[in-house]
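Notes to accompany the following structure.
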Amino acid sequence: MNAMLEFLQQNWWDLLAHFRQHVQLVLISTLFAVLIGVPTGILLTRKQSLRGPVLGIANIMQTIPSLALFGFLIPLPFIGGIGGRTAVIALVIYALLPIIRNTVTGILGIDPTVREAAVAMGMTDGQILRQVELPLAMGVILTGVRVAMVISVGVTTIAAAVGAGGLGVYIFRGLRNYDNRLLLAGAVPAALLALLADFLVGWIGKLLAPSARRTIKTGRRVLLAIVVVIVVLAGLWSVQSHSNSLGSEAVTVASKDFTESILLAEIISQLLENEGVGVVRQYELGGNLPHEGLVSGRADLYPEYTGTAFTAILRHTPLTDPRAVYQQVKREYKEKFSIEVGPPLGFENTFAILIRGPDARRLNLKTISQAVPHARQWRAGLGQDFMSRADGYPGFSKAYGLEFSEPPREMDLSLTYIALASGNVDLIAGNSTEGRIAALDLVQLADDRHYFPPYEAVYLVRQDTLRRVPALGNLITRLDNIISTEEMRKLNYEVDANKRSPAEVVRGWLQAKEL
Amino acid sequence: MTTPGNSPLVEFRDVTYTVPGVSAPIVSSLTFAVNQGEIIVLLGESGCGKTTTLKLVNALLLPSSGEVLVEGKSTSTWNPITLRRRTGYVIQDAGLFPHFTVAENVALVPSLERWDRAKTNERVNELLSLVGLDPHTFASRIPSQLSGGQKQRVGVARALAAEPPLLLLDEPFGALDPITRATLQREFGALAKRLGKTALFVTHDLREALLLGDRIGLMQFGRMLLLETPETFLESSDSYARSYLDTLAVTHVRAADERNA
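Those protein sequences? They're chains V and L, same order as listed.
Start counting the first sequence at 1; every next residue gets the next number (this note's numbering).
Start counting the second sequence at 516; every next residue gets the next number (this note's numbering).
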């Protein structure tokens, strides 16, 4: 509890900024969803033939898993990319269904004699809509908005994976670092926000309800007030995002969503800033997003591993010769993507097959082959990434003839170390540079059959960025072979175990290296 | 029918109305006229086409063949909005707007026609008094605070608001209890006579027809079987008309039985 308070004391300003970001994303997306959804719903009450298809499409869109939807949107021109815009589009897509459906239900649910009377009194279609249908359907429509907003608050936490910020940043960080304070700092405000949104829209609904006997004019005033608030917030946000995109001279540095990638990105970011080049940090992007961002030009550079580029992106079958892999990646990236591959940074982050130290010593295990006979009594815990990639579990288990007592459990990579140390599983596939390997007394088994391809860390940079920012090329050349595996483990440990910020760790390291 | 200087307000000329996919026409070869100041009651069972006939007058429906003339002009050439604002319309469940006050409901057409506020307020008060509702008590109420009979009174007031030359009433008192119904029938008859309104009134209640109609039109299967004054109607030898008249007799017999018991 004290730790939590201390954390809040130190981070409240940052927390507030993310909270505001979250609120803005939710409000803006809800505003757009209302602006699109309500007219669409009205149209569907007039065109019965469109009702089935449009509601069907909205339904299907809502069933797409949110992370997958973000993934689809990234490479799209104009609407896609990294950051707030993509997030808003995805959020609008999710918010549309409840709003459209409730608009249709609300209007069609009006007593038919009321509509008949309205027509017979000589009201035009527009007058019926404004004076009769919308006021009477308002309660149901607002219920739809309420549902849409609560959904948005939840989905927005996932938007952090595409660099849109918000409270999800804390949740992702917390999961990655196994830090409950971070998890709570993201999850609790998000839950409160959902409740608040639900309450506020419900309250507005009560104000506007016909039974509340507010005259139409009061209703209009309330509605106007809401619209003004939303527009102001939207304006704030656009000014902010505008200022973000102001520096056309700036270099956008992206990273993947784990500590090491963030550290490597921060190293080049700080070096660039020391040279007086503006930097936009787009860190902690999930899955394939850094690559997509780089290819589409929304990011200028990010740290990658040759093995990943070779198998996951270029889709070659794994090779074991580091030189050959590096050369082929360099050549194909230039040809296919106009992307330059920098020199290796000096360490490898390969898959490390890890077991507990006491087990290794008791059974005297040094290599994976030696462990195979024991594995039949073991349980394995593997990251999603390792389970799915070409050079991951299927090939690995075949190469060594590995069998476990039960199918491997698929879990978040950062949780596997704890799961291993606490005895919940007996073997994991971690990262060789993971800082907690030594701290948790884990032992890496040697890949004696040379199954895993080399994973040398390199920077990937767009060629046009190198032409635009000449200093960048020099910096990357200077970083050739500069970090050893032990050093990288230490840097990771500083962040993951000692909870220091990546920026601070990198600053210290750069000073020590006199860079 | 047409007499110079007193041309009919509404005239049906061989009007047939069919619905796609339904072989039998809803209304078939209808020819009749409603004269100025006259109340015609359309009598018949559910589904005989009497409501459709009403909707053909204010262009809620347009004839499949033939034409309906209102003030000498075909409903297909009238601007439907203009035509409807000149036609008062009262339906069974009143169809009041639940989010409007009584006053706002009554003022609907005047406000659509952009009357000034003072004139509208004056008119609303006048109409509420006319239909027997005290403006001070009822003007600011909302429909859910009214009884069924009060709602119908407001419905009638709303229909009369813009002083339309023609009233269309579709079983306006059909859902009311017998005592309230009888009161409203009596009051409406007196009111219509006093205001000299022309009206087309739909009902399935023979008593109501005899009480209110200057002429009674008996409809069956979309056709007008006969269109007579109440006196002639009572004497009619038509078998369908007789079966209606018999129900009246049965009602009287029952009533007499109950009194005797």
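A virtual CB, placed ideally from N, CA and C, is assigned to each residue, including glycine.
| query | Is the stretch 90 to 98 of chain V in contact with the stretch 19 to 37 of chain V, if contact means three or more CB pairs nearer than 8 Å? | reply | Below 8 Å, enough C-beta pairs join the stretch 90 to 98 of chain V and the stretch 19 to 37 of chain V to call them touching: three or more.
| request: Please state whether DSSP places residue 223 of chain V in a helix, a strand or coil. | output: In this structure, DSSP gives residue 223 of chain V a helical state, which the three-state scheme calls helix.
| query | Quick one: Cα of residue 700 of chain L to Cα of residue 667 of chain L, how far? | reply | Rounded to whole angstroms, residue 700 of chain L to residue 667 of chain L spans 11 Å at the Cα level.
| Against chain V: residues of the stretch 608 to 629 of chain L by CB proximity under 7 Å | From the stretch 608 to 629 of chain L, only 608, 610, 612, 613, 614, 623, 624 and 627 have a Cβ closer than 7 Å to chain V.
| message | Let me make sure I understand the geometry here. Which of V:206, V:200, V:207 and V:168 has the alpha-carbon closest to that of residue 189 of chain V? | response | The option with the nearest alpha carbon to residue 189 of chain V is V:168.
| message | Output needed in chain order: residues of the stretch 564 to 596 of chain L with a Cβ under 7 Å from some Cβ in chain V. | response | Residues 573, 575 and 596.
| When burial is assigned at 16 or more other CB atoms within 10 Å of the CB, is residue 269 of chain V buried or exposed? | Per the 10 Å Cβ criterion, buried.
| Contact set for residue 390 of chain V: own chain, Cβ-Cβ below 6 Å, skip 5 residues either direction | Within the same chain, and ignoring the five residues on either side of residue 390 of chain V in sequence, the residues whose Cβ sits closer than 6 Å to its Cβ are 311.
| query | Would the beta-carbon of residue 293 of chain V be found less than 8 Å away from any heavy atom of the ligand MN? | reply | This structure simply doesn't include the ligand MN, nor any ligand for that matter.
| Would you call the CB atoms of residue 463 of chain V and residue 338 of chain V closer than 9 Å? | Contact: yes.
| message | By alpha-carbon positions, which one of V:503, V:357 and V:382 ends up nearest to residue 439 of chain V? | response | Taking only the C-alpha atoms, the option nearest residue 439 of chain V is V:357.
| From the DSSP output, which residues share a beta bridge with residue 462 of chain V? | DSSP lists V:339 as partners of residue 462 of chain V.
| How should residue 22 of chain V be labelled, buried or exposed, when 16 other C-beta atoms within 10 angstroms of its C-beta is the threshold for buried? | That one is buried.
| DSSP state of residue 170 of chain V, grouped into three classes? | When secondary structure is reduced to three states using DSSP, residue 170 of chain V falls in the helix class.
| query | Out of L:563, L:544, L:629 and L:585, which has the shortest C-alpha to C-alpha gap to residue 683 of chain L? | reply | Residue L:585 holds the alpha-carbon nearest to the alpha-carbon of residue 683 of chain L among L:563, L:544, L:629 and L:585.
| said: Output needed for residue 370 of chain V: all residues of its chain with C-beta closer than 6 Å, excluding positions within five of it in sequence on either side, in chain order. | reply: Same-chain partners within the cutoff: there are none.
| message | Residues in the same chain with beta-carbon distance under 7 Å from residue 532 of chain L, minus the five sequence neighbours each way, listed in chain order, please. | response | Excluding its 5 nearest sequence neighbours in each direction, residue 532 of chain L has C-beta neighbours in its own chain below 7 Å: 540, 541, 542, 567, 571, 576, 578 and 579, listed in chain order.
| query | Counting Cβ pairs closer than 8 Å, one from the stretch 661 to 675 of chain L and one from the stretch 592 to 601 of chain L, do we hit at least three? | reply | Contact between the stretch 661 to 675 of chain L and the stretch 592 to 601 of chain L is absent, because fewer than three Cβ pairs lie under 8 Å.
| field | CB-CB length for residue 498 of chain L against residue 726 of chain L, believed under 8 Å | value | There is simply no residue 498 of chain L to check, as chain L begins at 516 and stops at 776 in what is shown.
| task | Look at residue 205 of chain V and residue 142 of chain V and say whether their C-beta atoms are less than 9 Å apart. | result | Yes, the Cβ-Cβ distance between residue 205 of chain V and residue 142 of chain V is below 9 Å.
| task | Spatial neighbours of residue 326 of chain V within its chain, please: CB distance less than 6 Å, with the 5 preceding and 5 following residues excluded, ordered by chain position. | result | Around residue 326 of chain V: 306.
| request: Starting from the beta carbon of residue 135 of chain V, find every residue of chain L whose beta carbon is closer than 8 Å, and list them in chain order. | output: Simply 614.
| query | Would you say residue 267 of chain V and residue 13 of chain V are within 9 Å of each other, going by their C-beta atoms? | reply | Annotated as distal: residue 267 of chain V and residue 13 of chain V, with beta-carbon spacing of 9 Å or more.
| message | Could you compute how far the alpha carbon of residue 276 of chain V sits from the alpha carbon of residue 251 of chain V? | response | Whole-angstrom Cα-Cα distance: 11 Å.
| residue 701 of chain L, enclosing alpha helix (DSSP H) - first and last residue | From DSSP, the alpha helix (DSSP H) with residue 701 of chain L extends over 693 to 710.
| query | Nearest chain L C-beta to residue 45 of chain V closer than 9 Å, yes or no? | reply | Not an interface residue.
| Delimiting residues of the beta strand (DSSP E) encompassing residue 546 of chain L | Note, residue 546 of chain L: beta strand (DSSP E), 542 to 549.
| query | Among V:452, V:8, V:480 and V:419, which one has its Cα closest to the Cα of residue 185 of chain V? | reply | Looking at the Cα atoms, V:8 is the closest of the given residues.
| field | Range of the contiguous alpha helix (DSSP H) that encloses residue 386 of chain V | value | Element bounds for residue 386 of chain V: 384 to 388.
| Terminal residues of the continuous beta strand (DSSP E) containing residue 716 of chain L? | Run containing residue 716 of chain L: 713 to 718, per the beta strand (DSSP E) assignment.
| Own chain residues within Cβ distance below 7 Å of residue 105 of chain V, not counting five before or after | Here residue 105 of chain V has 140 as same chain residues with Cβ atoms under 7 Å from its own Cβ, once five neighbours each way along the sequence are excluded.
| query | In chain order, which continuous runs of the alpha helix (DSSP H) of length 4 or greater are located wholly inside the stretch 364 to 418 of chain V? | reply | Within the stretch 364 to 418 of chain V, the complete alpha helix (DSSP H) runs of at least 4 residues fall at 368 to 375, 384 to 388 and 393 to 400.
| Three or more C-beta pairs closer than 8 Å, one from the stretch 523 to 531 of chain L and one from the stretch 543 to 552 of chain L: is that the case here? | Between the stretch 523 to 531 of chain L and the stretch 543 to 552 of chain L, the count of C-beta pairs closer than 8 Å reaches three or more; the two stretches touch.
| said: For a test of the three-state rule: what should DSSP assign to residue 288 of chain V, helix, strand or coil? | reply: Reduced to three states, the DSSP call for residue 288 of chain V is coil.
| message | Do residue 672 of chain L and residue 643 of chain L count as a contact pair if the criterion is CB distance below 9 Å? | response | A Cβ-Cβ contact shorter than 9 Å links residue 643 of chain L with residue 672 of chain L.
| message | What does the alpha-carbon distance come out to for the pair residue 681 of chain L and residue 137 of chain V? | response | Roughly 32 Å separates the two Cα atoms.
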